[in-house]
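Residue numbers (full-length UniProt numbering): 1 to 179.
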Amino acid sequence: MPSPTRYDAVAMSLHWLMALVIIGLWSLGLILEELPKGDFRNEMKALHASIGALVLGLTVLRLGWRLTKPVPELPQAMVGLERLMAGAAHVGLYVLMVALPLSGIAIVETGGRALTVFGFQVLPALMAKDEGLHDLAEDGHGLLAWILAAIVIGHVLAALRHHVLLKDDVLTRMLPGGK
Ligand code: HEM
Ligand code: HEM
Numbered sequence: 001m002p003s004p005t006r007y008d009a010v011a012m013s014l015h016w017l018m019a020l021v022i023i024g025l026w027s028l029g030l031i032l033e034e035l036p037k038g039d040f041r042n043e044m045k046a047l048h049a050s051i052g053a054l055v056l057g058l059t060v061l062r063l064g065w066r067l068t069k070p071v072p073e074l075p076q077a078m079v080g081l082e083r084l085m086a087g088a089a090h091v092g093l094y095v096l097m098v099a100l101p102l103s104g105i106a107i108v109e110t111g112g113r114a115l116t117v118f119g120f121q122v123l124p125a126l127m128a129k130d131e132g133l134h135d136l137a138e139d140g141h142g143l144l145a146w147i148l149a150a151i152v153i154g155h156v157l158a159a160l161r162h163h164v165l166l167k168d169d170v171l172t173r174m175l176p177g178g179k
């Protein structure tokens with residue numbers, strides 16, 4: 001099968017919807033840290049956890065789509081190192097889209113709590129609170145979130161470099177209506 005020249009509507013919709021949601025979650029995560037303890041903070045934590053769990057579900061769908069549909073090839077002009085960096089960044093982003101929600105779920109479970117998504121319990125409390133593991137999960141989640149931020153910044157700069165400096169179709173083929 002010849003490879004397509006653009007991403008399809010499903011891949012594009014998932015990419016942009018998830019980009020918005022993940023950037024929002026990232027910001028909410030940082031805001032959470034600053035909120036005074038109380039009901040509002042707990043509600044925002046529950047919202048962050050629910051949307052984060054949704055990201056895990058969307059990532060599974062997205063990986064299923066990604067692994068079964070052909071994607072556009074990188075421009076011929078890209079050299080080996082550029083191809084390697086693009087591939088490594090994309091794999092890294094997929095790994096983080098799984099690892100961040102899982103480490104978030106670990107924060108909840110090591111805190112001795114059940115996981116609820118928009119008010120529905122999806123996982124019971126699996127253990128009593130363990131301070132050491134809970135701190136580890138929080139530190140791990142924070143570290144992964146910063147690694148994600150670094151890769152996303154590189155990813156956006158690379159997309160802009162393709163569009164503005166190299167003037168190829170790498171950005172437009174991920175944009176609805178682009179040629
Ligand atoms: C793509 C998904 C996610 C992203 C990008 C994300 C991002 C973040 C960020 C940036 C922070 C602040 C971290 C810090 O500086 O210490 C944070 C905190 C937190 N996240 Fe997430 N998160 C995600 C998913 C989840 C999920 C699924 C859960 C729970 C089920 C969760 C639970 C928490 C909790 C409880 C905190 C506060 C931790 C603390 O009080 O130190 N996150 N998140
Ligand atoms: C949290 C934010 C984001 C995440 C997690 C993310 C993730 C990804 C992933 C995993 C791919 C690989 C798609 C594939 O499987 O082939 C991809 C492709 C792409 N992304 Fe993002 N992205 C984000 C934000 C952005 C933003 C803000 C831009 C635009 C400036 C952008 C532009 C692109 C482009 C142009 C491609 C296609 C690359 C190619 O054709 O090889 N992304 N993105």
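Ideal Cβ positions, reconstructed from N, Cα and C, are used throughout, including at glycine.
The model shown is predicted, which means the values in this text are computed figures rather than measured ones.
- A straight line joining the alpha-carbon of L32 with that of P4 spans about 42 angstroms.
- Of the residues P75, L47, G57, D39, the one whose Cα lies closest to the Cα of M18 is G57.
- The DSSP-derived three-state label of F118 is coil.
- Taken in chain order, the complete beta strand (DSSP E) segments of 3 or more residues contained in the stretch 44 to 119 are 115 to 117.
- DSSP links L123 through a beta bridge to L115.
- At a threshold of 7 angstroms, E131 does not count as near ligand 1, since its beta carbon sits no closer than that to any of the ligand's heavy atoms.
- For the 8 angstroms CB-CB criterion, I151 and L93 form a contact.
- Under the three-state reduction of DSSP, S3 is assigned to coil, being neither helix nor strand.
- Annotation for A159 indicates a beta carbon within 7 angstroms of some heavy atom of ligand 2.
- Assigned with DSSP and collapsed to three states, V170 falls in coil, not helix or strand.
- For L102, the shortest C-beta to heavy atom distance toward ligand 2 is 7 angstroms or greater.
- Using a cutoff of 7 angstroms, the CB of R83 does not count as near ligand 2, since none of the ligand's heavy atoms is closer than that.
- Residues of the same chain with a CB within less than 7 angstroms of the CB of D130, apart from the 5 flanking positions on each side, are T110 in chain order.
- Counting the other CB atoms within 10 Å of its CB gives S103 a total of 16 or more, which places it among the buried residues.
- P101 places its beta carbon less than 8 angstroms from that of A53.
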